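70 is the number of the first residue of the sequence shown in the numbering used here; add one for each residue after it.
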Amino acid sequence: MSQVWREVADPRKHRDYMSTRNEGGISIEVPKDNLLKQWVYFAHVCNFTFQFSSIEQVKMCREYFLKKTHPSTREIGHDLEHYWHFWFSKLPKGIKRKKQREMIVRALDVILANWS
């Protein structure tokens, strides 16, 4: 069973892991106008919680998990440290299997249907 929810972005609490290769992510930037709300989207599926700082990141993750096969994550010149890898290189083992991919795509579809 998967859970999806959203929260108002809080730079002290939420991090953006997908737009950077930094291991700890970067702080989410909130709009200076306090009338505009920035949302952070979550999907807890397959014992892993995905955190997205925008709907575009949800779409990008959905496209990634729709693919049956994924290319190698090895990059020339970036194999020295663990924190130089993309977000999809840091996913837990076994989460790219067919059954898990289908569950993740369904959860991401719910986020897109509810809040895009």
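Yeah, the Cβ is synthetic: ideal placement off N, Cα and C, and Gly gets one too. Here the structure is a predicted model, which is why all the values come from computation and not from measurement.
Cα atoms of T118 and D178: separation of roughly 15 Å, rounded to the nearest angstrom. The Cβ atoms of R170 and F134 sit closer than 8 Å to each other. Taking 8 Å as the cut-off, the beta carbon of R75 is found closer than this to the beta carbon of W184.
For W184, no beta strand (DSSP E) segment is defined; the enclosing uninterrupted segment is the alpha helix (DSSP H) at 167-184.
When only Cα atoms are considered, K167 and I180 end up about 20 Å apart. Residue burial is scored here from C-beta neighbours: H83 has at least 16 other C-beta atoms within 10 angstroms and is therefore classed as buried.
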